[in-house]
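Chains A and B, in that order, are what the protein sequence lines are. Each number in the numbering used here comes from the position in the first sequence (counting from 1) with 6 added on. Each number in the numbering used here comes from the position in the second sequence (counting from 1) with 6 added on. All C-beta atoms, glycine included, are put in the ideal place defined by N, C-alpha and C. Owing to the predicted nature of the structure, the values given are computational and were not obtained by experimental measurement. Please read the structure below before turning to the comments.
There are 2 protein chains.
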Amino acid sequence: MDKIRGHRRENERYRVVILGAGFGGLWAIKTLVRYPVDICLIDQNNYHTFFPLLYQVASAELEPEDIAYPVRSIVRKFPNVHFLLGRATKIDLKAQIVETDARAVPYDFLIVAIGSLTHFFNIKGASEHVYPLKTLEQAVDIRNQILTCFERASYETDEDFQKSLLTFVIVGGGSTGVEFAGTLAELIYGHMKRDYRSLDFGKVRVILLEAAGKLLPNLPDRLGNYARERLNRIKVEVRFNSKVSEVGPDEVKLTDGSVIRTYTTVWTAGVRGEPALNSWGLPVNPNGKVTVLNTLQIPDHPNVYAAGDLAYLEEGGHPLPMVAPVAIQQGVAAGENIVRQISGKPQVPFHYNDQGIMAVIGRRAAVAYLYNRFGFTGFPAWIIWLGIHLFRLIGFRNRLLVLTNWAWDYIYYERVVRLILPAKPLSEKHQEKS
Amino acid sequence: MDKIRGHRRENERYRVVILGAGFGGLWAIKTLVRYPVDICLIDQNNYHTFFPLLYQVASAELEPEDIAYPVRSIVRKFPNVHFLLGRATKIDLKAQIVETDARAVPYDFLIVAIGSLTHFFNIKGASEHVYPLKTLEQAVDIRNQILTCFERASYETDEDFQKSLLTFVIVGGGSTGVEFAGTLAELIYGHMKRDYRSLDFGKVRVILLEAAGKLLPNLPDRLGNYARERLNRIKVEVRFNSKVSEVGPDEVKLTDGSVIRTYTTVWTAGVRGEPALNSWGLPVNPNGKVTVLNTLQIPDHPNVYAAGDLAYLEEGGHPLPMVAPVAIQQGVAAGENIVRQISGKPQVPFHYNDQGIMAVIGRRAAVAYLYNRFGFTGFPAWIIWLGIHLFRLIGFRNRLLVLTNWAWDYIYYERVVRLILPAKPLSEKHQEKS
């Protein structure tokens, strides 16, 4: 314990600061809260976002409130947890202080779990013109953009412009890209078709661009092929070996020279770490993720841990995937290692218990790959997906509301959340037919 | 019919354009849709807002989606109704064309039902610094502002600044002001108190400013007195004869020279018509509302009607109130008069069937004044209010969701929508403690 200087005076409780109210941060709290420590949770939002269903907000399937849960509703159950709404502006590893735009918070132990940011790979125009899908605001933006494009197209007489408005490009064939493409196609060909009766839906295109030669690269080929076949069936054009070279306000250029005219490019292609982490002295890999020891500690800073998307850790020669189960297990593991540290016991290395990966492609269609051995497709996989996601949603009420929305959609083929809110002005570029 | 030039050729259907998807516009459609006319509904939002519950979105009681219903879900049931998302930029009464930022729409008959705007009475600083409560976006703004003030106050050490953050002023003692003050006090002293355990709630103030000497001026004194007594009981300071002279970023000045330090002033004090109406040639009163004949027609333009908040019409020497029932009945009446006009029958004057006015003040507390005769207070009035509002909410699903939220709140004293979304940066003025 001699390396843990900290701010604690004799007989005071240890202060644990947790940066980020995502899966990693919340499960760390769940672990630590039973012990005599003071916990301060810091996040720039006052809610936890259930990221695995974010794409359903973007496709008008769920309301943003369905997958957001107020942090204070969670922490107020525990007298030793406090919440601070703020954005970290610096981690001072030497002084053991987290500086935020709200106030500075000293720590004895720190868990950094702020997740990841969208990676544009320095592709020209991408950061200005694409729609990333990493936050609740961005998901709402995408929903508003899709609906606005349909409204604008519904009275457009210039056919080329109308076609550009009705072309939707998704970059990235991982699980988010596949899931979003599936639900978008269902929104369009199921729901929108009844809303825009005078529109020729032969002009609509949903294009999924994947740089490699297969979908769902983490899963066995059979599942990727199934996903592709299902997506084709619901009219998604899946294009392999398609790398984006440039994005403009009204087009996507590919490295093979082809150009797709569109006003809506959703980017699910890559993530990276928060760039500031490096300047604060945390060791990062080329992708900006924090390199951690197998105990989830940061080298040379035994009282600082990282968990979730942000943490770079290999297992069996492969980096761990950036999914909710890894974040949850790492949050628990980091919390347990802090408890061990306080009581003078040795820390334990983290091992990921991989229960499986899943992706839903549409009505009664999904792929599931469980325990690295069992592949499911179709209806059984969809039922597994449904149950697990409902179970994992924090808060009974959210579970109830999500179930209501899903059931409604399933029974009536009706998406209830087709609101353009906040109202989205047709941007200059749309008006000018650039 | 000779005055109805219109755009219709022989054997073509009459084109009815309805400006505004509020209560007036939708009920006009409900009336007209059974007749062989082509209807075009124009609104700047793609959803109908259930205005009577807007204040509950502002107080984090309901989700915005609960009281918004997609217009296309309504109109798609009727093959002779089309929807255009657009804002009217001009009504050309001579050419019989509504120009919008989307496209121009010719009409044979027109119903103008675009509602009203907030009236600031030229009070200095009001339009820049107050929070109006007339749109769904504004309601969400108010919710985010209140929650942000509490988050900011929770770690503030400067006591004066903290008190300003925790002071909430509501201007206007009509039903919106009374209802919002009641639900805000319940939010704060019920829900927030458990979320911000370290905060001294003795520093919180909710102040309702009324320029006249009583609350709910349209109702008998007994009901206004009841409202005042109930509001006082839940710690709302009701101040009579309090006229605002100026609003700054961090204060409200009254005409008696007193100053209230606050960052949150919600304005429910007045409404007026859209200023452009006058320049388009419609006859308006000093408040900017359109003066209509008792048939709801506009003088000299027998094929143009106005309905709802926008229309100025007196009955029994008093102007009709700006409430949903008036708009609904006028929408129906305007639709029926157009049908009469088409079939060559004389139009019928509008008479308001006043079934009552209600306002809810909090848990199990409301006032109701029915058929201009029967006054109720307390629990019976609250039950009447509850039933009527649920019944009137368009769409079964919204009814279900609203009921879920209300029941949840009622049983668990828990407001579920306490999200700051979109994230609200603490504005400069908050940072600088101006």
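| Query | Result |
| --- | --- |
| The alpha helix (DSSP H) enclosing Ser79/A, as first and last residue numbers | 77 to 81 |
| Inter-stretch contact at 8 Å, needing at least 3 Cβ pairs: the stretch 355 to 368 of chain B / the stretch 326 to 340 of chain B | yes |
| CB contact below 8 Å: Glu157/B versus chain A | yes |
| Neighbour-count burial assignment, Arg239/B, 16 or more Cβ in a 10 Å radius | exposed |
| First through last residue of the beta strand (DSSP E) which encompasses Ala101/A | Here Ala101/A belongs to no beta strand (DSSP E), and DSSP marks it neither H nor E. |
| Cβ-Cβ separation, Leu139/B to Ala132/B (assumed contact under 8 Å), whole Å | With a Cβ gap of about 13 Å, Ala132/B and Leu139/B do not count as contacting. |
| Contact with chain B by Arg19/A, beta-carbon distance below 8 Å | no |
| Secondary structure of Ser440/A, DSSP reduced to three states | Per-residue confidence for Ser440/A stands at a pLDDT of 31, beneath the threshold of 50, marking its modelled position as unreliable; no derived number is given. |
| Glu280/A burial status per 10 Å Cβ neighbour count (16 or more: buried) | buried |
| Opening and closing residue of the alpha helix (DSSP H) in which Ile120/B lies | Taken as a continuous stretch (DSSP letters only), Ile120/B belongs to no alpha helix (DSSP H), as it is neither H nor E. |
| Closer than 7 Å at the beta carbon, the chain A residues around Ala108/B | Tyr161 |
| Neighbour flag for Arg200/B against chain A, beta carbons, 8 Å | yes |
| Chain B contact residues for Glu69/A, given Cβ-Cβ distances below 7 Å | Glu69, Glu71 |
| Distance between Lys96/A and Tyr202/B (C-alpha atoms, nearest Å) | 26 Å |
| For Trp273/A, the residue or residues it bridges with in DSSP | Pro138/A, Val177/A |
| C-beta neighbour in chain A for Ile304/B, strict 8 Å | no |
| Minimum Cβ-Cβ distance from Arg82/A to chain B less than 8 Å | yes |
| Nearest residue (CA-CA) to Ala342/A, options Phe29/A, Val39/A, Arg21/A | Per the sequence shown, the amino acid found at residue 342/A is Glu instead of Ala. Answer by Cα proximity: Val39/A. |
| Nearest-angstrom Cβ-Cβ length linking Ile115/A and Ile344/A, presumed shorter than 8 Å | The residue you asked about is not Ile; residue 115/A is Phe in the sequence shown. Yes, they are in contact, since the Cβ atoms of Phe115/A and Ile344/A sit about 5 Å apart, within 8 Å. |
| Segment limits, alpha helix (DSSP H) that includes Asn293/B | Per DSSP, Asn293/B belongs to no alpha helix (DSSP H) and is neither H nor E. |
| Segments of 4+ residues assigned as alpha helix (DSSP H) that fall wholly inside the stretch 220 to 291 of chain B | 227 to 239, 282 to 285 |
| Residues sharing a beta bridge with Gly381/A, DSSP | Tyr375/A |
| Element boundaries [alpha helix (DSSP H), containing Val210/A] | Note, Val210/A: premise wrong, no alpha helix (DSSP H); not H, not E. |
| Candidates Pro58/A, Ala275/A, Ala64/A: closest to Phe127/A by CA position | Ala275/A |
| Alpha carbon of Asp166/A to alpha carbon of Met198/A, nearest angstrom | 20 Å |
| Anticipated Cβ contact below 8 Å, Ser65/A with Leu193/A, distance rounded | 5 Å |
| Touch test, the stretch 367 to 383 of chain B against the stretch 222 to 235 of chain B, Cβ-Cβ under 8 Å, three pairs minimum | yes |
| Asp32/A versus Tyr61/A: straight-line alpha-carbon distance, rounded | With the sequence shown as reference, residue 32/A is identified as Leu, and Asp is not the correct amino acid for it. Cα to Cα, Leu32/A sits roughly 21 Å from Tyr61/A. |
| Which residues DSSP lists as bridging Phe89/B, in chain order | Leu47/B |
| Any C-beta of chain A under 8 Å from that of Leu25/B | no |
| Thr154/B burial status per 10 Å Cβ neighbour count (16 or more: buried) | buried |
| Ile45/A beta carbon less than 8 Å from that of Val87/A | yes |
| N- and C-terminal bounds of the beta strand (DSSP E) containing Pro308/A | 307 to 312 |
| For Arg21/A, the residue or residues it bridges with in DSSP | Asp44/A |
| Outcome for His445/B when other beta-carbon atoms lying within 10 angstroms are tallied against a minimum of 16 | Residue numbering for chain B in the displayed model covers 7 to 440; residue 445/B lies beyond these limits and cannot be assessed. |
| Pairwise C-alpha distance: Ala101/A and Thr261/B | 52 Å |
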